[in-house]
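Structure, as structure tokens:
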Amino acid sequence: MDPVFFYLFALMTLSGALVTILRRNPIHCALGLIFSLLGVAGLFLLAAAEFLFAAQILLYIGGVMVLFLFVIMLIHLDVHTLLRPYSRLWPLALATTLALALELAWLIRHGLPQLPPARNPLPSPAPGNTEQIADSLFTTFVLPFEAASLLLLAAIVGAVWLARKKEAAS
Amino acid sequence: MSLSPITTGHYLALSAALLLLGALGLLLRRNVIVMLMSVELILNAVNLNLIAFSQHWRHTTGQIFAIFVICVAVAEAAIALGILIALFRNRGTLLSDEIDLLKW
């Protein structure tokens, strides 16, 4: 595992996230989010999750973000970029985030030393990552897999129903 | 220059930072589409955590769980964007503080 690549991908992730939450124009936000998701995909690759790396790029960047960009271009108003982009309750938002940051810092500081040490690497002729995932997805987790397919079917039908044009009342 | 090796703690700290940025965006922004993007950031922070522990224990269950999280995130994005299109047709706004039909 190469520390240089970890810090590079971490920088991509965090800078993309900052662009996402701070820019005025939603298109810039979406492009920042794509950059951030690419960084997360690189971290998946570093953590030896090759299948998720591919799924992240294909599904998130190729699917979800294209959908986001389509919707922004469909219903974007240029007037909105001139209005103030942040909520009027921003001190409350900052305070809540600060409280959450303190909690997470405390949790990591006190929880990390109690974490059991990492397992040794598997012996070298271990099956590939995709093979391992397929093995457990289609044996142990086959019921959640089917439930997920049902959820996606419901989401497809629901999205088409919600986004359809109203027929003229006759 | 030599950097210390990357441990699970590094991943957890990065994931916490990403979650904080996502939460800040969700609370701070007015545009509903950008709020949805912040939710995607939060879900990615969760996935990063799952992957870090999956690597820590050399076990693929965390990756399976991350696949299900991605699946739910995709369904959520599709439905939420459909709702936004319907909302924009009816109300002509995308700002969260102008969507107050249920408020009096």
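So the protein sequences, as listed, match chains A and B.
Residue numbering for the first sequence follows the working numbering, beginning at 2 and increasing consecutively.
Residue numbering for the second sequence follows the working numbering, beginning at 22 and increasing consecutively.
Yeah, the Cβ is synthetic: ideal placement off N, Cα and C, and Gly gets one too.
Check: From A:Val5, A:Pro4, A:Gly43 and A:Gly159, pick the residue whose C-alpha is nearest to that of Ile104 of chain B; which is it?
Finding: A:Gly159
Check: Between the segment 37-62 of chain A and chain B, which residues of the former have a C-beta closer than 9 Å to a C-beta of the latter?
Finding: Ser37, Leu38, Val41, Leu44, Phe45, Leu47, Ala48, Ala49, Ala50, Phe52, Leu53, Ala56, Gln57, Leu60 and Tyr61
Next item on the list: Return the first residue and the last residue of the alpha helix (DSSP H) that Arg112 of chain B is part of.
Entry: Thr82 to Arg112
Notebook entry, point to check: For Leu116 of chain B, does the three-state DSSP call read helix, strand or coil?
Noted result: strand
Item checked: chain A within 8 Å of Ile104 of chain B, Cβ atoms only -> yes
Next item on the list: Below 7 Å between beta carbons is the criterion; list the residues of the segment 95-110 of chain A that meet it against any residue of chain B, in chain order.
Entry: Thr97, Thr98, Leu101, Ala102, Leu105 and Ile109
Notebook entry, point to check: Under the DSSP definition of a beta bridge, which residues are partnered with Ala52 of chain B?
Noted result: First, the residue type needs correcting, since residue 52 of chain B is Asn and not Ala in the sequence shown. B:Leu116.
Notebook entry, point to check: Quick one: does Gly64 of chain A have its CB under 8 Å from some CB of chain B?
Noted result: yes
Item checked: chain A contact residues for Leu49 of chain B, given Cβ-Cβ distances below 7 Å -> Ile22, Tyr87, Ser88, Trp91 and Ala94
Notebook entry, point to check: If the cut is a Cβ gap below 7 Å, which residues of chain A does Asn65 of chain B touch?
Noted result: Leu38 and Val41
Notebook entry, point to check: Near Glu132 of chain A, which residues of its chain fall below 6 Å by C-beta distance, leaving aside the five closest residues on each side in sequence?
Noted result: none
Item checked: Short CB-CB distance (under 8 Å) between Asn52 of chain B and chain A -> yes
Next item on the list: Identify, in the order they occur along the chain, each residue of the same chain with its Cβ nearer than 7 Å to the Cβ of Ala44 of chain B, setting aside the five sequence neighbours on each side.
Entry: Ile63
Check: Whole-angstrom Cβ separation of Phe45 of chain A and Ile72 of chain B, contact assumed at under 8 Å?
Finding: 6 Å
Margin query: Taking the alpha helix (DSSP H) that His77 of chain A belongs to, which residues open and close that run?
Written below: Where His77 of chain A is concerned, there is no enclosing alpha helix (DSSP H), given that its DSSP letter is neither H nor E.
Margin query: Taking 8 Å as the threshold (C-beta atoms), are Ile91 of chain B and Leu38 of chain A in contact?
Written below: no
Margin query: Does chain A have any CB closer than 8 Å to the CB of Val55 of chain B?
Written below: yes
Check: Going by beta carbon distance, what residues of the same chain come within less than 7 Å of Ser88 of chain A, once the five residues before and after it are set aside?
Finding: Ala94
Next item on the list: Below 7 Å between beta carbons is the criterion; list the residues of the segment 125-143 of chain A that meet it against any residue of chain B, in chain order.
Entry: Gln133, Ile134, Ser137, Leu138 and Phe142
Check: According to DSSP, which residues form a beta bridge with Tyr87 of chain A?
Finding: B:Arg50
Check: Name the residues in the segment 152-167 of chain A whose C-beta lies less than 9 Å from a C-beta of chain B; which are they?
Finding: Leu152, Leu153, Ala155, Ala156, Ile157, Gly159, Ala160, Val161, Trp162, Leu163, Ala164, Arg165, Lys166 and Lys167
Note to self: Looking only at its chain, what residues have a beta carbon closer than 7 Å to the beta carbon of Leu138 of chain A, apart from the 5 residues adjacent to it on each side?
What the structure shows: Phe146
Check: Since Ile73 of chain A meets chain B, which of its residues come closer than 7 Å, beta carbon to beta carbon?
Finding: Ile54
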